[in-house]
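Below is one structure, written out as structure tokens, with a few remarks after it.
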Amino acid sequence: MLLGPIALPRLQSRALRARSSIAFGGFVEAAQHLGHPLPVGTLDPVALVAQAAGIARRRLRARRGPRASPNSTARADPRARTARRPTPSTRHRGAEGFPFEHLTGPDGRFEDKATCQSRTSRATIRPRRDCLPPTPNGPLRRNDGDDPRISLLRDGAPSEILSRLVETDALGLEARASNARDQGAWLLDVRRLHLRAAARVAFEARRRPIEEPLDTWLDRCVESAVRELLSEQYEEELALTSVVESDDVEFYRRIAHAMEIEVELARLVCARANALPVDQRRIFDALILQRRSVEELTRLGWGPPAKLLELLEQAVIVITHSIERRPERRRET
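All the letters of the sequence shown, read from the start, carry residue numbers 1 to 333 under this note's numbering.
As structure tokens, then:
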């Protein structure tokens, strides 16, 4: 019998759905066998995929039955081949959005969702809560409790949330920004870092993961703001744009005054110092910019004087070399 152009894709789609469902059933069984519910977070994906592939191959062989000998001339009964083929349900793609509403059982037949969940209770498919879309009134939080600070992030557009954060600073973003700058010894403007962190918090307010505590999430937003400003600083210096046109021109003027260099070189010094190892960067910031003494740092437990001076020498050599090799700023056309 010849298959028409419409019947052939339909049969191919049916066979593909059956094969995919069997493979997914092997994935579920492998995850349950290895003692991890779905979605698997800490399980080695290589071991899981390898075991799932073996289970899927065994199921396919069980469905197909024993292979005929190459020398055999007997034709297989088409009715038997059709009987072994499971027919996917019309509800193959459920309303919950999962690609497989029906999974295969150990015998290769399709099971309804209730039967499959009772058989693999630990491997039941559930939607990830951190992937849910934001709610109109702000995100629902499981760990917020009665924290009054969360009310600042619930209502209004990101611009309105940003205004509340800057006016009140009830979340302590200014102190967090200053702490992040001091811990990393970053040569960044603390004022601008505070504003960038507030903007990041306002923009991500309705996308905050459910299980993450508020303070942890705020610290992560400040870290993102630090990375953004470092990237912008590096790109500005790479493009050789004028420091006067930068948003951090006042900060660079303070750096130039502290180091007694030209303002146009201050951004290069900051960008190169921010790329140094953290121990060299801390010593450079403390001794050169903050004008602290070696004896003071030694009393605070930073290390012996010889070690501190060695780290400072390494940092100064790298920064001086970058200044000497800096090309002239491009002329405006």
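Every residue gets a Cβ at the ideal spot worked out from N, C-alpha and C, and that includes glycine. Computed from a predicted model, the values in this text were never measured in an experiment.
What is the residue span of the alpha helix (DSSP H) that residue i lies within?
| i | result |
| --- | --- |
| V305 | Checking the sequence shown, residue 305 turns out to be Pro, not Val. Segment 305-324, the alpha helix (DSSP H) holding P305. |
| E167 | 158-168 |
| L230 | 214-239 |
| V243 | No alpha helix (DSSP H) contains V243, which DSSP labels as neither H nor E. |
| D182 | 173-184 |
| T260 | For clarity, residue 260 is Glu in the given sequence; the question names Thr instead. Where E260 is concerned, there is no enclosing alpha helix (DSSP H), given that its DSSP letter is neither H nor E. |
| P195 | Residue identity check: residue 195 is Leu in the sequence provided, not Pro. 190-203 is the span of the alpha helix (DSSP H), which, as asked, contains L195. |
| D279 | 278-284 |
| R299 | 294-299 |
Quick one: using the 10 Å Cβ neighbour count with 16 as the cut-off for buried, is residue i buried or exposed?
| i | result |
| --- | --- |
| I255 | buried |
| D182 | exposed |
| A282 | The displayed chain sequence assigns Arg, not Ala, to residue 282. Looking at its Cβ environment, which holds 16 or more other Cβ atoms inside 10 Å, R282 is buried. |
| D227 | A small correction: the amino acid at residue 227 is Arg; Asp does not occupy that position in the sequence shown. Looking at its Cβ environment, which holds fewer than 16 other Cβ atoms inside 10 Å, R227 is exposed. |
| V243 | buried |
| D189 | buried |
| Q233 | buried |
| D247 | exposed |
| L300 | exposed |
| A62 | exposed |
| R58 | exposed |
| E211 | exposed |
| A180 | buried |
| E262 | exposed |
| L162 | buried |
| E237 | buried |
| R208 | buried |
Compare the C-alpha of residue i against each of the options and name the closest.
| i | options | result |
| --- | --- | --- |
| W302 | L289, E250, F284, V316 | F284 |
| R292 | L312, V278, A273, A275 | L312 |
| R206 | L193, A275, I150 | I150 |
| T241 | R326, D147, V294 | R326 |
| A202 | E212, S178, V249, A225 | A225 |
| E310 | D279, E324, Q290 | D279 |
| E250 | V316, A315, L187 | L187 |
| A157 | V222, E204, E174 | E204 |
| L372 | L171, L265, P304, V318 | There is simply no residue 372 to check, as the chain begins at 1 and stops at 333 in what is shown. |
| L173 | R154, E223, A185, I261 | E223 |
| Q314 | S178, Q233, L276 | L276 |
| L265 | I210, V316, I323, L289 | I323 |
| Q290 | L152, M259, V316, T298 | M259 |
| L214 | R154, V263, L238, I261 | R154 |
| C408 | T216, V316, R164 | Nothing can be reported for residue 408, as the shown portion of the chain is limited to 1 through 333. |
| G184 | A286, S159, L162 | A286 |
| H257 | I288, A239, S159, S231 | I288 |
| N274 | L297, H321, S231 | S231 |
Rounded to whole angstroms, how far is the Cβ of residue i from the Cβ of residue j, which I believe are closer than 8 Å?
| i | j | result |
| --- | --- | --- |
| R267 | D219 | The pair is not a contact, with the Cβ atoms about 27 Å apart (cut-off 8 Å). |
| L229 | R272 | Their Cβ separation, rounded to whole angstroms, is 15 Å, which puts L229 and R272 out of contact at 8 Å. |
| V166 | A198 | 6 Å |
| R200 | C221 | 5 Å |
| V318 | P305 | In fact, because the Cβ distance is near 21 Å, the residues do not count as touching under 8 Å. |
Verify the CB distance criterion: does residue i have a CB-CB separation below 8 Å to chain B?
| i | result |
| --- | --- |
| E310 | Considering every chain present, this structure includes no chain B. It has just one protein chain. |
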